[in-house]
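Q: Chains as they are written, first to last, in our numbering: chain A, 3 to 259; chain B, 3 to 259.
No residue lacks a Cβ here, since even glycine has one placed at the ideal position from N, Cα and C.
Next up, the structure:
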C-alpha cells in the first residue's frame with residue numbers, strides 16, 4: 003500500500019510508520035518534525051496552518067491507498083485554539099485536500115479518542131464546530147468558555163461524528179473511513195492526559211492493569227487501513243484494554259455473571 | 003494459533019475456518035454438521051443440547067489460543083426456543099466449558115449481530131434472560147410473547163452485553179473477549195433475515211450497495227482472535243458496509259457536510 007500519514011514522528015504515529023514499513027508499505031509522513039523511524043518521504047507540514055497544509059498536499063503526486071489522520075495535540079492549558087485548529091480544522095482540511103489522490107477502494111483512518119465518547123450528549127456543540135469557519139474560532143471558544151480539555155474532547159467528538167456522517171458521501175466515491183478511540187496510551191503526552199483527566203484516568207489504568215502501548219493502537223490502525231477490514235465503514239473502534247467496557251458494566255450494573 | 007470454532011461448517015464460520023487454515027493455524031471445529039473446508043479436527047456437537055456440549059468440550063485436550071463462538075440459528079418462525087438455546091445458552095455453556103482450556107492471553111470472539119444493537123433499550127429483558135435457568139425458558143418465552151425474530155435479536159443483545167460484562171472477570175484470568183456485529187451477509191440464511199426484517203434490510207443493503215460477504219466478516223473475526231488486536235477488550239465491532247453509520251447519520255441529521 004501507499005499510505006499518507008500525519009503525525010508520524012512520535013507516539014502512536016511513529017509506531018504506525020514502523021509497522022507499515024515492516025509490512026513493506028510505502029509511507030509519506032506529514033509532520034512538523036522529521037520522523038525518527040524510516041519513511042519513504044517526509045513532508046514538513048504544520049496542520050494548524052492552512053497554507054502549510056495546501057503546500058504539503060500539493061507536494062505529492064500519484065495515488066494513495068490510505069490516509070491515516072493521526073496528528074493531534076493533547077489537552078494542555080492555554081492551547082485551546084490550536085488544539086481545535088490542528089485536531090479538527092487541520093485534519094478536515096488535510097483529508098479534503100487528499101481526497102482526489104486516493105485509489106478506488108482506499109481507506110481513511112482517523113485517530114479519535116475515548117475522550118470523544120460523549121459525542122452524542124454534546125452533539126449540539128459538535129454540529130456548531132463542524133459548521134464553523136476557522137476565523138470564527140476565537141469567538142466560539144470565548145463565548146462557550148472552552149478550556150483546553152474541552153477543546154480536546156470536542157475535537158475528538160467531531161472526528162467521531164464526521165467519520166460516521168461522511169459514510170454515504172464516501173461510499174459514493176468508493177472510499178471508506180473509520181476511526182479509532184484509544185485511551186491512556188503510554189506515549190510522551192500521557193502526562194498531559196493525566197493532568198487533564200486526573201483520578202478517572204488513574205482508576206481506568208489500574209483496572210486495565212496498565213496504559214495501552216502505542217504499538218497496540220498502531221496494529222488496529224493498520225488493520226483499518228488495509229483491505230482486510232474493507233466492510234467496516236463509518237465505525238469507531240475503541241482500543242482501551244477494557245477500560246470503557248468495565249466502566250459501562252459498572253454503570254449499567256451488568257458486571258460479572 | 004490453536005483455535006476452537008463453533009459453527010464452522012457453513013456461512014461465516016466456514017470462511018473463518020478457511021482463513022485460519024490459510025494462515026497455518028490449527029482449527030478444532032465444533033458443529034452438528036461436518037465442515038466442508040479443511041479443519042484439523044471436527045467434533046460433532048449440538049449446541050442446543052447440554053449433554054452434547056459437555057461431551058464435546060471433554061473430548062479435547064491441551065490448550066487453545068482462541069475460542070470463536072460463531073454458531074447460531076437465524077430468526078425462523080417457530081424456532082424461538084431453540085434459537086435462545088443455541089445462540090445464548092449453548093454459546094455460554096460452551097464458552098464456560100472451554101475457559102480452563104485457554105492459554106494465558108487467549109482471545110474469545112463472539113458472533114453477535116446488528117440485530118442486537120438495541121441491547122441498551124432492552125436491557126431489562128436481556129438481564130432477565132441472562133439470569134434464567136434453561137428449564138425456565140419455555141415460560142419466559144410464552145409470558146413475554148417472544149417470537150422467532152425477537153428471540154434472535156434478544157440472543158444477540160445478550161451476547162453483546164455478556165461480552166462487555168465479563169471484561170473484568172476475564173482480565174483477572176488474563177483472557178479477553180470481543181464480539182462482531184455483522185448485518186445482512188450473503189450466506190445461506192440471508193433469506194431468513196430478509197423475511198424477518200423486511201424493508202429495513204432491503205433499504206440498508208441498497209444504501210451499502212450489496213450485502214456483506216462472509217469472508218469480509220471472517221477477516222475481522224480472525225483479527226480479533228489474534229494477538230494484533232490484544233488491547234481491544236469488551237468491545238463490539240460492527241461490520242456492515244456503513245449501514246448503521248448511514249442510518250444513525252440520518253436519524254441524528256448529521257449526514258454529509
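Classify residue 44 (chain A) as helix, strand or coil using the three-state DSSP reduction.
A: DSSP places residue 44 (chain A) in strand when its eight states are reduced to three.
Q: Whose Cβ in chain B lies nearer than 9 angstroms to the Cβ of residue 14 (chain A)?
A: In chain order: nothing, as chain B lies at least about 12 angstroms away.
Q: Three Cβ pairs or more, each shorter than 8 angstroms: is that satisfied between the stretch 78-90 of chain B and the stretch 16-29 of chain B?
A: No, the stretch 78-90 of chain B does not touch the stretch 16-29 of chain B.
Q: Indicate whether residue 111 (chain A) and residue 180 (chain A) have their beta-carbon atoms separated by less than 8 angstroms.
A: Cβ distance < 8 angstroms, so residue 111 (chain A) and residue 180 (chain A) count as in contact.
Q: What is the rounded straight-line gap between the Cα of residue 46 (chain A) and the Cα of residue 58 (chain A)?
A: Whole-angstrom Cα-Cα distance: 7 angstroms.
Q: Please name the residue or residues paired with residue 104 (chain A) in a DSSP beta bridge.
A: The partner list for residue 104 (chain A) (beta bridge, DSSP) reads A:66.
Q: Is the beta carbon of residue 229 (chain B) less than 8 angstroms from the beta carbon of residue 187 (chain B)?
A: No; because the gap between Cβ atoms is not below 8 angstroms, this pair is not in contact.
Q: Less than 8 angstroms between the C-beta atoms of residue 118 (chain B) and residue 183 (chain B), yes or no?
A: In contact: residue 118 (chain B) and residue 183 (chain B) (Cβ atoms closer than 8 angstroms).
Q: Given a threshold of 16 other Cβ atoms within 10 Å of its Cβ, counted over all protein chains shown, does residue 4 (chain B) qualify as buried or as exposed?
A: Buried.
Q: Using a Cβ-Cβ cut-off of 7 angstroms (strictly less than) and excluding sequence neighbours within five positions of residue 207 (chain A), which residues of its own chain qualify?
A: Only 186 and 213 meet the Cβ criterion.
Q: Could you list which residues in chain A have their beta carbon closer than 9 angstroms to that of residue 17 (chain B), in chain order?
A: Per Cβ cutoff of 9 angstroms: no residues; residue 17 (chain B) is ~12 angstroms from chain A at best.
Q: Name, please, each residue of chain A whose Cβ falls closer than 8 angstroms to the Cβ of residue 166 (chain B).
A: Correct list: 247, 250, 251 and 256.
Q: Distance, Cα to Cα, residue 251 (chain A) vs residue 78 (chain A)?
A: Cα-Cα distance, rounded: 30 angstroms.
Q: Of all the options B:173, B:144 and B:195, which has the alpha carbon lying nearest to the alpha carbon of residue 151 (chain B)?
A: Nearest C-alpha to residue 151 (chain B): B:195.
Q: Any contact between the stretch 233-245 of chain A and the stretch 231-246 of chain B? By contact I mean 3 or more CB pairs, one from each, below 8 angstroms.
A: As far as the Cβ criterion goes, the stretch 233-245 of chain A touches the stretch 231-246 of chain B, which means the pair count is three or higher.
Q: Count the other CB atoms, across all protein chains shown, that sit within 10 Å of the CB of residue 67 (chain B); report buried if there are 16 or more and exposed otherwise.
A: The residue is buried, with at least 16 neighbouring Cβ atoms inside 10 Å.
Q: For the putative contact between residue 29 (chain A) and residue 11 (chain A), defined by C-beta atoms under 8 angstroms, what is the C-beta separation to the nearest angstrom?
A: That belief does not hold up - the Cβ atoms of residue 29 (chain A) and residue 11 (chain A) are roughly 12 angstroms apart, past 8 angstroms.
Q: Considering only the beta carbon of each residue, do residue 88 (chain A) and residue 99 (chain A) sit closer than 8 angstroms?
A: Not closer than 8 angstroms, so no.
Q: Among the residues of its own chain, which have a CB less than 7 angstroms from the CB of residue 191 (chain B), if the five just before and after it don't count?
A: Closer than 7 angstroms at Cβ, skipping near neighbours: 13 and 76.
Q: Considering only the alpha carbon of each residue, which of B:90, B:193 and B:137 lies closest to residue 163 (chain B)?
A: For residue 163 (chain B), the nearest C-alpha among the options comes from B:90.
Q: Run through the stretch 75-161 of chain A for me and flag every whole beta strand (DSSP E) of 3 or more residues, listed as ranges in chain order.
A: Listed in chain order, the complete beta strand (DSSP E) runs (minimum 3 residues) inside the stretch 75-161 of chain A are 104-113.
Q: Can you tell me the Cα-Cα spacing of residue 139 (chain A) and residue 202 (chain A), whole angstroms?
A: Those two C-alpha atoms are separated by around 29 angstroms.
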